[in-house]
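Asker: Protein chains in written order, with the numbering used here: chain V, 176 to 483; chain X, 176 to 483. Beta carbons: idealized from backbone N, C-alpha and C, even for Gly. Values in this document were obtained by computation on a predicted structure and should not be read as measured data.
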DNA sequence: AGAGGTTACGGGCAGCGTAAGGATC
DNA sequence: GATCCTTACGCTGCCCGTAACCTCT
C-alpha cells in the first residue's frame, strides 16, 4: 500500500460490498478497483475479500484493514483542510439543493465555490427537501441545502438562510386594497410547493375550515411553473417573494397583503459526519457566507434576518 | 499527496533539515526528494520549506505538516504489523551487534529474519556496546544487541540472552589442577574486550591490588584476535566460553577454573520508540526467540539461563 | 442472458536516476 | 571551489481504461 488511492477504493468496496459500486462511487472503472485490491492483498500478503463470483465478503483481516483505511482517510481529510490551501481540496461533492435556493443564490454559490475550491467538482441535484433528506440519509448525497432539519445522529447541520413566505399574485388580478382575509384567500386556488413540503402543509392547516369545502391547493414541484401559473392568473401563489424578485421588480407580480401568518422558510445545510462529508463542512460554511451576502443586497422585507 | 513515499521523504527532510540527508536516509537520490517535496507543495498549494541555497527551513505550514506526516507513518507502521503478514514489512533495518553475539547466534538470526521478513534488508554494524549505544542515541542505528542497558527516554529494551564469563586458556599452558587464585591470574596477561567495555572494567576491579604492580590486561576489540592470542599462549583470556564453543569442543582451548567471580554478560536488544524503530520491535522479538533456541542447544554451563 | 468479478492488452504518464545548472559561503 | 538545492532529460514501469472472459443465478 504505497498509495492512498488503494485504501480509498478498498474502503468503498468494503463499505458498499461491491467492487463495481466502489468504482462508481470513486469515479473509476471496476477493473481498476479489482486490480488495486489485488495489489493490496499481494503487498500485505493477506486476503482481504472472499470472492464468491456473485458477491464479495470481507475476511477477518479485511475487517481490520477497514478500520485503518477509515482512520487514514479521515486523517488525510483533516490534514488537507488543516495545512493545505483551498486548492488542495479535491474530489466530487454531491450537492442537493431545494428549488427555492436554486432560484436565489445557488448560481453565486457555485461560482464562488469554483473560485475558492477550483479542484472540487460539484455534482448537483435539485429536488424537494424530503427527497434530499432521504438521499442524504442513504449516503447518496454529501451536502444538502434544505428546509427544516435532519435528525440523523451521524449528521451535522447549520442554519444558512431564512425567507418569509408571502401571497403573490399577478397585478392584473383584482383583489381590492384591503389585506386578504383567510376566507378571501380560499376563494382562489393557491399554488405552492408539493404536498410533501412544509409550506404546503402549513398552508393547508391555515386554510383548514371544517365548515367549508376543502381549499384548492395546487402543489407543484417546479417553481418556474408556479410562477408561470401565477402570471397566467390561475390563482394566488404562496412562495417566498425572494424567489421571484425579478418579477416583482419588473411589476409582473406583486406581494399581496394578507391575514396569513406562516413560519419563515428556514434553510439548513446538512452533511454527514462520516468520510463522505469531509468536503461538505467547508462548503457549508462557504454557503453561509454566500447566503448572507445575497441577503444583504436583497430588499429587507424579503429576508428573515433575525433567523440567523 | 497521493503517496506515502512523499510524506516519508518530507518527514526525513524536516527531521534531518536537509534534502540530501533525507535522500540518503530513505535510499533514494537527492533530486527525487526535491521533486517530491516540490510536488507536495504544488498539491497542497503551500510552501513547506524556505530554501536559502545553503540550507532549508520549515515554514509554518511545513511544521504543521510534519505532525501529520509522523502520524501517517506511525499509523502505517501499526497497520502493517497489525493486518499485514510478515511479507508486508519492508525497509532497511540498521542493526548494531556486539561481537560476542556476532560470534554466536547472529548468523542464525540473520537467516531466520530473512526467512520471516523477506522484504526487510538488514544493514549490519558490529562494534562494541559503548559505540552502539552512542549510534542508537544519535538515530544512526535502529536496533542494537548490546551489553548493559540504554537509558534514553525514547528507547525501549528487552533482555535477550546472558552468558557467563570464564577464564580461557590453551591446554598447552601449564596451570596445575587447582582453581586459579586471583594472585595466580595476575601472573599472566589477561586478554579481553576493550577498555570501554563492562568485562574489562569488572576484571580490572577484580584484579586490583594496591600492593602489587598493575595487572596486565590486554584490551582487544577483535574477538578473533583474542582467540588467536590465547591459542598462541600469550596469556589467559576472559571471554564468554560460548563465543569459543568450537575451540573448546575441538580441545584447542579449555575453560580454567578460577576464583574470579564476575557478573554474567547480559545482552539486551534496544531500539528507538520513534518512527525509525517501527521494524525494530518485531525484530527484537525474533532475536529473543533465536537466542533462546540457540541457548537451549548449547552446553548448560555456557549459558546463564536464570537471567531470562 | 445478465450481473459481477478477473484477466489481457495497449497507451499515457509519473517518478527515478544521471547529469548539468546556479547560488552562496 | 565546495556544498546543496534545482532543472533537464531519457527511460522504466505502473496504472488506467477497453475489451474479452469466466462463473453462478
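1. Does DSSP classify residue 261 of chain X as helix, strand or coil?
2. Looking at chain V, is there any beta carbon in it that lies within less than 7 Å of the beta carbon of residue 298 of chain X?
3. So is residue 268 of chain X in contact with chain V if we call contact Cβ pairs under 7 Å?
4. Would residue 383 of chain X be called buried (16 or more neighbouring beta carbons within 10 Å of its own) or exposed?
5. Among V:193, V:221, V:357, V:205, whose alpha-carbon lies nearest the alpha-carbon of residue 230 of chain V?
6. Note down, in chain order, all residues in the segment 446–479 of chain V with a beta-carbon under 9 Å from any beta-carbon belonging to chain X.
7. Out of V:468, V:254, V:472, V:458, point me to the one whose CA is closest to residue 292 of chain V's CA.
8. Pick from X:454, X:463, X:380: whose alpha carbon is nearest that of residue 255 of chain X?
9. Mind pulling the chain X residues with CB within less than 8 Å of residue 365 of chain V?
10. Assuming residue 336 of chain X contacts residue 470 of chain X (C-beta within less than 8 Å), just tell me the rounded distance between them.
11. For chain V, check one thing: does any of its Cβ atoms lie closer than 7 Å to the Cβ of residue 249 of chain X?
12. Measuring CB atoms only, is the segment 223–241 of chain X touching the segment 245–260 of chain V, in the sense that at least three cross pairs come out at less than 8 Å?
13. Going by C-alpha to C-alpha distance, which of V:243, V:368, V:360, V:234 sits closest to residue 418 of chain V?
14. Note down, in chain order, each residue of its chain lying with its Cβ closer than 6 Å to the Cβ of residue 321 of chain X, except the 5 sequence neighbours on either side.
15. Assuming residue 233 of chain V contacts residue 250 of chain X under a Cβ cut-off of 8 Å, what Cβ separation, rounded to an integer in Å, is found between them?
16. Using 7 Å as the limit for Cβ to Cβ distance, is residue 315 of chain X near chain V?
17. Just the Cα atoms here: how many angstroms apart are residue 360 of chain X and residue 373 of chain X?
18. For the 8 Å Cβ check, are there 3 or more pairs between the segment 310–326 of chain V and the segment 265–283 of chain V?
19. With distances taken from CA atoms, which of V:313, V:442, V:285, V:428 is nearest residue 347 of chain V?
20. Note down the Cα distance separating residue 447 of chain V from residue 217 of chain X, rounded to an integer number of angstroms.
21. Within 10 Å of its beta-carbon, does residue 275 of chain V have 16 or more other beta-carbons around it, so buried, or fewer, so exposed?
22. By the DSSP assignment, the alpha helix (DSSP H) with residue 212 of chain V in it spans what residues?
23. Let me know the beta strand (DSSP E) ranges lying completely inside the segment 231–299 of chain X, each 3 residues or longer, listed in chain order.
24. I want to verify the contact list: residues of chain V whose CB lies under 7 Å from the CB of residue 236 of chain X, in sequence order.
25. Among the candidates X:439, X:444, X:204, whose CA atom is the shortest distance from the CA of residue 340 of chain X?
26. For residue 191 of chain V, which residues from the same chain have a beta carbon less than 8 Å from its beta carbon, with the 5 sequence-adjacent residues on both sides left out?
27. At what residues does the alpha helix (DSSP H) containing residue 338 of chain X begin and finish?
28. Kindly indicate the opening and closing residues of the alpha helix (DSSP H) around residue 414 of chain X.
29. Mind checking whether residue 342 of chain X and residue 433 of chain X have CB atoms under 7 Å apart?
30. On the three-pair Cβ rule with 8 Å, is the segment 206–213 of chain V touching the segment 177–189 of chain V?
31. Per DSSP, what kind of secondary structure is residue 222 of chain X in: helix, strand or coil?
32. Can you check whether the CB of residue 437 of chain X is closer than 7 Å to the CB of residue 377 of chain X?
33. Residue 278 of chain X and residue 398 of chain X: beta carbons closer than 7 Å?
34. Keeping to the same chain, check which residues put their C-beta closer than 7 Å to that of residue 409 of chain X; ignore five residues upstream and five downstream.
35. Of all the beta strand (DSSP E) runs that stay within the bounds of the segment 318–383 of chain X, which reach a length of 3 or more residues?
36. Contact criterion: CB-CB distance below 7 Å. Does residue 225 of chain V meet it with respect to chain X?
Answerer: Result, derived from the coordinates:
1. Here residue 261 of chain X sits in helix by DSSP.
2. no
3. no
4. exposed
5. For residue 230 of chain V, the closest alpha carbon among the candidates V:193, V:221, V:357, V:205 is that of V:193.
6. none
7. Looking from the CA of residue 292 of chain V, the closest CA among V:468, V:254, V:472, V:458 belongs to V:458.
8. X:454
9. None at all; the shortest Cβ gap to chain X is about 51 Å.
10. 6 Å
11. no
12. yes
13. V:368
14. 273, 304, 307
15. Not really, about 20 Å apart at Cβ, beyond 8 Å.
16. It does not: the Cβ of residue 315 of chain X has no partner Cβ on chain V nearer than 7 Å.
17. 19 Å
18. Between the segment 310–326 of chain V and the segment 265–283 of chain V, the count of Cβ pairs shorter than 8 Å is three or higher; the stretches touch.
19. V:428
20. 29 Å
21. buried
22. 205–219
23. 231–233, 266–272
24. Per Cβ cutoff of 7 Å: 258.
25. X:439
26. 197, 200
27. Looking at the DSSP string, residue 338 of chain X is not in any alpha helix (DSSP H); the run it does join, the beta strand (DSSP E), is 330–338.
28. That residue, residue 414 of chain X, is in no alpha helix (DSSP H); its beta strand (DSSP E) goes 411–414.
29. yes
30. yes
31. coil
32. yes
33. yes
34. 364, 366
35. 318–322, 330–338, 341–344, 365–367
36. no
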